[in-house]
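Student:
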Amino acid sequence: MSLHGKTALVTGSTSGIGLGIALALAEAGANLMLNGFGDSEAALAAVRALGGNVAYHPADMSKPTEVEALIHATEAEFGSLDILVNNAGIQHVAAVEEFPVERWDTIIAINLSSAFHTMRLALPGMRARNWGRIINIASAHGLAASAGKSAYVAAKHGLIGLTKSVALETATTGVTCNAICPGWVLTPLVQQQIDARAAADGDIARARHELLAEKQPSLDFVTPRQLGELAVFLCSDAAVQVRGAAWNMDGGWLAQ
Ligand code: NAD
25 MSLHGKTALV TGSTSGIGLG IALALAEAGA NLMLNGFGDS EAALAAVRAL
75 GGNVAYHPAD MSKPTEVEAL IHATEAEFGS LDILVNNAGI QHVAAVEEFP
125 VERWDTIIAI NLSSAFHTMR LALPGMRARN WGRIINIASA HGLAASAGKS
175 AYVAAKHGLI GLTKSVALET ATTGVTCNAI CPGWVLTPLV QQQIDARAAA
225 DGDIARARHE LLAEKQPSLD FVTPRQLGEL AVFLCSDAAV QVRGAAWNMD
275 GGWLAQ
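As structure tokens, then:
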């Protein structure tokens, strides 16, 4: 699978799943635009080590004007934007009647609305070249709920609906739009939830096991690398008829 000559933007790619996907796309030959609030120098170095062309943009994905600057910077740097991975996301756990209103608004802005903005801005170029791959990182929580995660669950269900709409609008073109729905992946986002569970007795191993046992029958984490391989497949010619899918990679979570 060669993505040489293609340019990928992965939002929120300074850590976790986004970085895993960026590395897999770079390994397949794509130019990479990185984004996110983590260690950008380390992420840039990791892509460069694979021999890839790479740049970084610090856009805050909750701000439409910064999203617009990110898309324009990608096209200016590499000449096109061919693969768009909407990955940036945050979590907040609280019962709905205690959910801070500002956190609700921020989660919807980053986890859902940012994908609307990146897609509306990237699609004209993809349509003009008649080739594009849009991959929205939803979640098992895009297809099933958990208590305490109302904003995240609403945003991820919304992201899957948005994915289907864009897949239909592009169905007769060379542009595909799909969602990936990971189960538990051991990233900073999930480590925070493990730490919160372990707060009472400090037993991280027990907290990890309980987190997995509640939802993920394999009792093992999905890895950013595995998700990166799935993203590379969705960019391939073999995947051209995969359109509007919500593809779970979740250790059996959604089979229950
Ligand atoms: P992470 O915290 O490691 O990565 C999130 C990335 O988004 C980071 O690079 C962070 O800097 C960036 N980010 C956060 N707010 C941003 C903003 N306003 N603007 C730009 N970048 C911002 O978490 P992760 O687990 O790798 O999550 C990545 C995606 O995968 C998220 O959309 C998350 O909902 C989804 N997901 C994660 C899991 C899991 O188990 N970890 C499961 C399903 C889905």
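Taking the working numbering, the leading residue of the sequence shown gets 25, the next gets one more, and so forth. Even for Gly, the Cβ is constructed at its ideal location relative to N, Cα and C.
#1: How many angstroms separate the CA atom of Val71 from the CA atom of Glu121?
#2: Would the beta-carbon of His81 fall within 8 angstroms of that of Asn110?
#3: Please list the segments of the alpha helix (DSSP H) lying wholly inside the segment 62-147, counting only runs of 4 or more residues, in order along the chain.
#4: Please tell me whether Val209 and Gly53 are closer than 8 angstroms, where the distance is taken between their beta carbons.
#5: Distance check for Pro206 and Gly276, CA to CA, integer angstroms please.
#6: Please say whether Asn154 and Ala203 have beta carbons closer to each other than 8 angstroms?
#7: Output yes if chain D places a C-beta closer than 8 angstroms to the C-beta of Gly252; else output no.
#8: Do Ala175 and Phe140 have their C-beta atoms within less than 8 angstroms of each other?
#9: Ignore the nearest five residues each way along the sequence and tell me which others in Pro212's own chain have a CB closer than 7 angstroms to its CB.
#10: Indicate, with yes or no, if the ligand NAD has a heavy atom lying under 7 angstroms from the CB of Met150.
#11: Count the other C-beta atoms from every protein chain shown that fall within 10 angstroms of the C-beta of Pro148, then say buried if there are 16 or more, exposed otherwise.
#12: Do Ser260 and the ligand NAD come close, with the Cβ less than 7 angstroms from some heavy atom?
#13: How big is the Cα-Cα spacing for Met355 and Thr98?
#14: Might you give, ordered along the chain, the residues of its own chain that have their beta carbon closer than 6 angstroms to the beta carbon of Met150, omitting 5 neighbours on each side?
#15: Is the segment 84-96 in contact with the segment 126-146, if contact means three or more CB pairs nearer than 8 angstroms?
#16: Cβ of Val78 within 8 angstroms of Cβ of Leu94?
#17: Is Ile114 near the ligand NAD - that is, is its Cβ less than 7 angstroms away from at least one heavy atom of it?
#18: On a CA-only basis, which of Thr197, Glu238, Thr247 is nearest Val264? Give me that one, please.
Tutor: The answer reads as follows:
#1: 43 angstroms
#2: no
#3: 64-72, 88-102, 125-132
#4: no
#5: 10 angstroms
#6: no
#7: This model lacks chain D altogether; it includes just one protein chain.
#8: no
#9: Ser39, Gly40
#10: no
#11: exposed
#12: no
#13: Outside the shown range of the chain (25 to 280) lies residue 355, about which nothing can therefore be said.
#14: Gly156, Val199
#15: yes
#16: no
#17: yes
#18: Thr197
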